[in-house]
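In our numbering, the protein residues as written are 49 to 257. A short write-up of the structure that comes next.
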């Protein structure tokens, strides 16, 4: 039985490791230099960095090399988000009547204790569905001190105060001169000239899947 010295066994093991590493990594080159029987040196040359492939031209460029570059897609306008208020919301009790002889839409809103400077009536077009609309916004203020205010003690509180708003869709050709607003005895009255009514409602039934 042949017995190899320990130093020779170590050299053979290193040689086997080098051969296995070359089989797994063929891109590496290994140069082994044995200076003497007691040392083994391994030198590895680094792998060159990979270069990114050139960009692939678009289909339109391949079919028409001299075609002009298409313009960038048009961005849609960002619709504003109304600010959220922490005040309580009120629902105004409203009556709506259409006067056929004068072709006027009359809306009466209950606003007890509200002054004319606390209400705003505007005519605008909705940015979401392009509907012409009259909007009423405002706020009612309490007269008596609230809980925690002043030196009095609240016994009963049934009236409600806070912000309110109502929207009325109107004729698409309505102008600001066609609207009359008046507050009297705690009632806001709006008179809106709508023009001749439609000949039919043109109602269509939408199927539900």
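We put the CB at the ideal spot given by N, CA and C, even for glycine.
By the criterion of at least three beta-carbon pairs nearer than 8 Å, the stretch 176-187 is not in contact with the stretch 243-254.
Of all alpha-carbon atoms in 220, 210, 222, 223, the one lying nearest the alpha-carbon of residue 160 is that of 210. The residue from 154, 150, 137 with its alpha-carbon nearest to that of residue 143 is 154.
Closest in alpha carbon position to residue 231, among 169, 177, 120, is 169. Residue 122 carries a coil assignment under DSSP once its states are collapsed to helix, strand and coil. Contact between residue 180 and residue 145 does not hold, since the beta-carbon distance rounds to 20 Å and is not under 8 Å.
Within the model, the alpha-carbon separation for residue 139 versus residue 158 is close to 10 Å. Collapsing the DSSP output to three states places residue 223 in coil.
If you check the CB distance, residue 151 and residue 242 come in under 9 Å. Measuring C-alpha to C-alpha distances from residue 227 to each of 206, 238, 234, 252 identifies 238 as the nearest. For residue 179, no beta strand (DSSP E) run applies, since DSSP gives it neither H nor E.
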